[in-house]
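Read through the structure below, which is laid out as structure tokens, and then see the notes.
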Amino acid sequence: MKFNPDAVQKILAEYLEACRRLKELAQLSFSALAADPHKIASSKYHFIIAIEAAIDLCNHLIAKNNLRVPEDYADTFRVMGENGLIDKDFIYDLANMARFRNRLVHRYWDIDTEQLYNILKNNLGDLDRFLHEIRSNLTKNSV
1 MKFNPDAVQK
11 ILAEYLEACR
21 RLKELAQLSF
31 SALAADPHKI
41 ASSKYHFIIA
51 IEAAIDLCNH
61 LIAKNNLRVP
71 EDYADTFRVM
81 GENGLIDKDF
91 IYDLANMARF
101 RNRLVHRYWD
111 IDTEQLYNIL
121 KNNLGDLDRF
131 LHEIRSNLTK
141 NSV
């Protein structure tokens, strides 16, 4: 698999930092998160960064390896799955992650604190799994 190690390293650094911050925020109780607009905003921002970095990393790998051009952000993960770079059973969860990013960016008023908290508490494992699968494939398929 072709990729630019410097670009991948930079994207992964941003991804890891955003994930670290989200894990810190996930330790808060609902009332602590809901009472602090800065923590709510921080949660939203770090979700956007983490998901955007995941999409950017996939788009980098897609471009460098001349794979099918994705139709949208959710399709980015389908392309990765079609080419064995992400487990096909995981694509649905990743596509939902991309849709959540789109809601945060384009329909931010639609995300209430309870939804945000539930995703913080229940879906951070998807970010860890994505990282594991990408790292595994980068190591296994390096040129």
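Numbering (full-length UniProt numbering), first residue to last: 1 to 143. Glycine included, each C-beta is placed from N, C-alpha and C at the ideal position.
Around the C-beta of residue 63, fewer than 16 other C-beta atoms lie within 10 Å, and the residue is accordingly described as exposed.
Judged by DSSP secondary structure, residue 97 falls within the alpha helix (DSSP H) whose first and last residues are 91 to 106. In this structure the stretch 90 to 101 lies against the stretch 72 to 82, because at least three pairs of beta carbons, one per stretch, are closer than 8 Å. Taking 9 Å as the cut-off, the Cβ atoms of residue 104 and residue 44 count as close. 9 Å or more divides the Cβ of residue 101 from the Cβ of residue 133. An exposed status is given to residue 69, since fewer than 16 other beta-carbon atoms sit within 10 Å of its beta-carbon. Judged by DSSP in its simplified three-state form, residue 34 adopts helix. About 6 Å separates the beta carbons of residue 50 and residue 15, which is inside the 8 Å limit, making them a contact pair. Between the alpha carbons of residue 108 and residue 17 lies a distance of about 22 Å.
Close CB contacts of residue 55 within its chain, under the 7 Å cut and outside five residues either way in sequence, are with 73, 76, 98 (chain order). Nearest neighbour of residue 124 by Cα position, chosen from 140, 34, 23, turns out to be 23.
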